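Written below as structure tokens is the structure these notes are about.
Protein chains in written order, with our numbering: chain H, 56 to 552; chain L, 56 to 377.
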């Protein structure tokens, strides 16, 4: 049998990063290929290449053995390739039938042929075994059902290859089973399925073949009979780590921050507890969606607290509003720096001084020369590369923007600094500077909580690592227990034995 | 910063051109009486336009002030002329009610999370209806102002040769300039308008800041409402203050406040107000049929915004090329 699609040596470079470094992949009809790999291994880029969203710089794609350029989403769908994103693309204000045929509504005399649309949609739902009416508004459906609607949409385009990116990441157990059953049925119908997932148990259950990716390259393949949990973890991790940062052994002091039974909105039934000592870099590791950002944003007060308590130096901190957290000495460098970390249309100076404006003010009026001095000296101390402090933040590079975010908290003399993905989108040089900065802070006794998905960073910078999986901490590792394998094992939900 | 300066230069030039053209056509324009009258109107309109501008800076909108003028005016007339309350009670009561309505809007917008447009649109309808109901749809007035003659001076009197409303407007503008451009509160206002989430993540109490804008708008509407009531001296509840909210919004937008929020200056709002009043004046002086009043204003605002957009686009292209 010939593969429906074959990718040969695909290369995709972005400024500063090589997302794909010569990946190959074959998809046969009627098989489920599971694509696994760490965050940032290049899985999504590869799938976007097939879906017509990304054009590879090198390499070729063969459809039915013929070299093909998938230049756009509509070409992909003509070729029978359907991509179901992790974030669903359904419209909540339209009914099921309308969503399935969105943009391809059957029409008569320029008017939508509702009858045909409804009956066709009905057939598809029956095929999927979905017991809902085609007139239901999507608003009333669960996430799993919406996903089924997406699948129905893919089938309506006669998809021969269905790519599913983390389809079960937000589904419950029963919903997952239902989805797996449908995947099974589609396989019997001869559809080739690429199943991207972090959940290795599911992969083991459904996959005919496992393809692992690492750093934008193929990292091995397993046939059905060879699939085991451990082998998959090994393939994903596999490389020798050249530690970018040799961290100094921390002088960890007394307990600074105690988080007790904290529950977040995303995982209200899971309680998270941990403590961070002064002068320590405590890392929350785990896969995307494990609930790490929710934990730190709840501590900072930008997410509502469902339950639990937070003690700073033995004193209870009210975690309902960020201003309380900042007052207490807890500051957050958020994951999304461009939209919530900074006001990018503002100057470096105005961003740095924003949280602590009252420190430069008398009777509510800003002393502008004080303000400028403080911003300038902070910007200089952190080595922000900017022509002057009145330059707009939007004109700075990612690394320099991140330094500005750190700078605005430095003026608040934080006791606990939380950094969520501190070096995402930051070039190598600035990365080292940020690590250096973090170490400087801990030497002054500041506690740091770092959320990171970058394995190298997690292992190289942290003093202690807590690994999260679906809202709870599955294990905490001390320096002598650090290994990529240990972290991956905990990240996919295997508790430390 | 340079962009903002340029934005004000633009409207300043436009204002200058309109003034020169009008005075050439009609020498009366620069006559002392006309200037006095126009500046009186500028004062009254300017006060509530500042409120409109502050709300717009937070990326909100306040549509309710015109109807508030009707409600406050009717109540003021009843209090003073029918109930014979002391002005010392009536004036604070009216300003207090304006402020209270602002608090109510702020509460609905920040706590109940309703959209500003809807909240203040409901205000626009509701206050107008209540004003008409209270007044039984009859015109209310102050008659000969027996017992509060001095009070009318707030609208019709002069200080240092300047009409009282204009004088008060200048003082309020100066205060608001400091508040907006030099105070911590002002910076927070711009931060919230530009990027509410980033402001919240910086520890700013965004709800309080947003609510405060509506409260300020209500407070300034209270002050302006009193002047406008005395200026017209008779308040017909179905038409008093009609469209005034739009004058305020137009002045703010002409003056460089972006409806997307986070942008605007007091100087800009002042220039915007002046331009609108000069246009009104121009229609009268040049003998343009007064039915064209709105058309002239609409056309000039459109031209102003159009020119601004074209200049912006050109600046953006230049940046890209550079």
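Heads up, the beta-carbon is just placed ideally off N, CA and C, and yes, glycines get one too. As the structure is a computational prediction, the values presented were derived from the model and not from experiment.
Counting only Cβ-Cβ distances shorter than 9 Å, please list the residues of the segment 446-457 of chain H near chain L, keeping chain order.
Residues: none.
Give the C-beta separation of residue 317 of chain L and residue 124 of chain L to the nearest angstrom, bearing in mind that I take them to be a contact with Cβ-Cβ under 8 Å.
Contact flag wrong, Cβ pair sits at about 28 Å.
Flag this pair as yes or no: are the beta carbons of residue 288 of chain H and residue 276 of chain H separated by less than 8 Å?
Against a cut-off of 8 Å, the Cβ pair of residue 276 of chain H and residue 288 of chain H comes out as no contact.
Is there a Cβ from chain L that is less than 8 Å from the Cβ of residue 295 of chain H?
For residue 295 of chain H, the pLDDT reaches just 44, beneath the cut-off of 50, and the residue's location in the model is therefore unreliable, although a value from the coordinates is still provided. No, because no Cβ of chain L sits closer than 8 Å to the Cβ of residue 295 of chain H.
Which residues of chain L have a Cβ atom closer than 8 Å to the Cβ of residue 420 of chain H, listed in chain order?
Chain-ordered, the chain L residues with CB closer than 8 Å to the CB of residue 420 of chain H read 233, 237, 238, 239.
What is the rounded straight-line gap between the Cα of residue 338 of chain L and the Cα of residue 231 of chain L?
Taking the straight line from one Cα to the other gives about 31 Å.
If you check the beta carbons only, do residue 425 of chain H and residue 415 of chain H fall under 8 Å apart?
The answer is yes: Cβ separation under 8 Å.
Can you say whether residue 139 of chain L is buried or exposed, counting buried as having 16 or more other CB atoms within 10 angstroms of its CB?
Residue 139 of chain L should be labelled exposed.
Suppose the cutoff is 6 Å on Cβ atoms and the five residues either side in sequence are ignored; what does the same chain contact list for residue 185 of chain H look like?
Cβ neighbours of residue 185 of chain H within its own chain (closer than 6 Å, five residues either side excluded): 203.
For residue 65 of chain L, which residues of its own chain have a beta-carbon under 8 Å away from its beta-carbon, when the five flanking residues on both sides are left out?
Counting only Cβ-Cβ distances below 8 Å, and skipping sequence neighbours, we find 359, 362, 363, 366.
For the segment 95-156 of chain H, list the alpha helix (DSSP H) runs that are entirely contained and at least 4 residues long, ordered along the chain.
If we require 4 residues or more, the alpha helix (DSSP H) runs fully inside the segment 95-156 of chain H come out as 98-105, 128-133, 151-155.
With a cut-off of 8 Å, does the C-beta of residue 260 of chain L fall near any C-beta of chain H?
So, interface residue.
Since residue 113 of chain L contacts residue 265 of chain L with CB under 8 Å, what's their CB separation in whole angstroms?
Confirmed, Cβ separation roughly 5 Å.
Can you list, in chain order, the residues of its chain whose CB lies under 7 Å from that of residue 309 of chain H, leaving out five sequence neighbours each side?
Excluding sequence neighbours, residue 309 of chain H sits near 332, 333.
For residue 69 of chain H, list the residues DSSP reports as bridge partners.
Under DSSP, residue 69 of chain H takes part in a beta bridge, and its partners are H:72.
List the whole-angstrom C-beta distance separating residue 351 of chain H from residue 506 of chain H, where the pair is believed to meet the contact cut-off of C-beta under 8 Å.
The beta-carbon distance between residue 351 of chain H and residue 506 of chain H, rounded to whole angstroms, is 6 Å. This is short enough to meet the 8 Å contact definition.
Extent of the continuous beta strand (DSSP E) run through residue 220 of chain H:
First-last of the beta strand (DSSP E) with residue 220 of chain H: 216-220.
Contacting residues, own chain, Cβ-Cβ under 7 Å from residue 361 of chain H (five flanking each side not counted)
For residue 361 of chain H, where only same-chain residues beyond five positions count, the Cβ hits under 7 Å are 318, 319, 320, 323.
Is residue 281 of chain H buried or exposed, if buried means 16 or more other CB atoms sit within 10 Å of its CB?
So residue 281 of chain H counts as exposed.
For residue 69 of chain H, count neighbouring C-beta atoms within 10 Å of its own C-beta (all shown protein chains included) and say buried if the count is 16 or more, exposed if not.
Burial check for residue 69 of chain H: the Cβ neighbour count within 10 Å stays below 16, so the residue is exposed.
Taking Cβ-Cβ distances shorter than 8 Å, what residues in chain L pair up with residue 394 of chain H?
Residues of chain L passing the Cβ test: 250, 252, 253.
Going along the segment 396-408 of chain H in order, which residues come within less than 9 Å of chain L, judged by CB to CB distance?
Here the close residues are 396, 397, 398, 399, 400, 401, 402, 405, 406, 408.
CB-CB under 8 Å to residue 628 of chain H, same chain, minus the five flanking residues each way: which ones, in chain order?
With chain H covering only 56 through 552, there is no way to say anything about residue 628 of chain H.
Any beta-carbon of chain L closer than 8 Å to the one on residue 365 of chain H?
No, no contact with chain L.
Taking just the CA atoms, how far does residue 150 of chain H sit from residue 190 of chain H?
Roughly 5 Å between the two C-alpha positions.
Identify which residue in H:88, H:79, H:65 has its Cα closest to the Cα of residue 114 of chain H.
Nearest option by C-alpha distance: H:65.
Taking the alpha helix (DSSP H) that residue 177 of chain L falls in, what are its first and last residues?
It spans 171-189 - the alpha helix (DSSP H) in which residue 177 of chain L sits, taken as one unbroken run.
Rounded straight-line distance, which links the Cα of residue 136 of chain H to that of residue 171 of chain L:
Near 44 Å, if we compare the C-alpha coordinates of residue 136 of chain H and residue 171 of chain L.
In whole angstroms, give me the CA-to-CA distance for residue 373 of chain H and residue 387 of chain H.
About 15 Å.
DSSP three-state call for residue 361 of chain L: helix, strand or coil?
Three-state DSSP puts residue 361 of chain L in a helix.
Identify every residue that forms a DSSP beta bridge with residue 329 of chain H.
In the DSSP assignment, residue 329 of chain H forms a beta bridge with H:314.
Measure from the alpha carbon of residue 143 of chain H to the alpha carbon of each residue in H:380, H:101, H:125, H:221, then state which is nearest.
Distance from the Cα of residue 143 of chain H is smallest, within the candidate group H:380, H:101, H:125, H:221, for H:221.
Specify the secondary structure class of residue 452 of chain H as computed by DSSP and reduced to three states.
The three-state secondary structure of residue 452 of chain H, taken from DSSP, is coil.
Using a beta-carbon distance below 8 Å, is residue 442 of chain H in contact with chain L?
With 8 Å as the cut-off, residue 442 of chain H does not count as an interface residue toward chain L.
List, in chain order, every chain L residue whose beta-carbon is nearer than 9 Å to that of residue 413 of chain H.
Those are 239, listed as they occur along chain L.
Measure the C-alpha to C-alpha separation of residue 227 of chain H and residue 235 of chain H and round it to an integer number of angstroms.
Whole-angstrom Cα-Cα distance: 12 Å.
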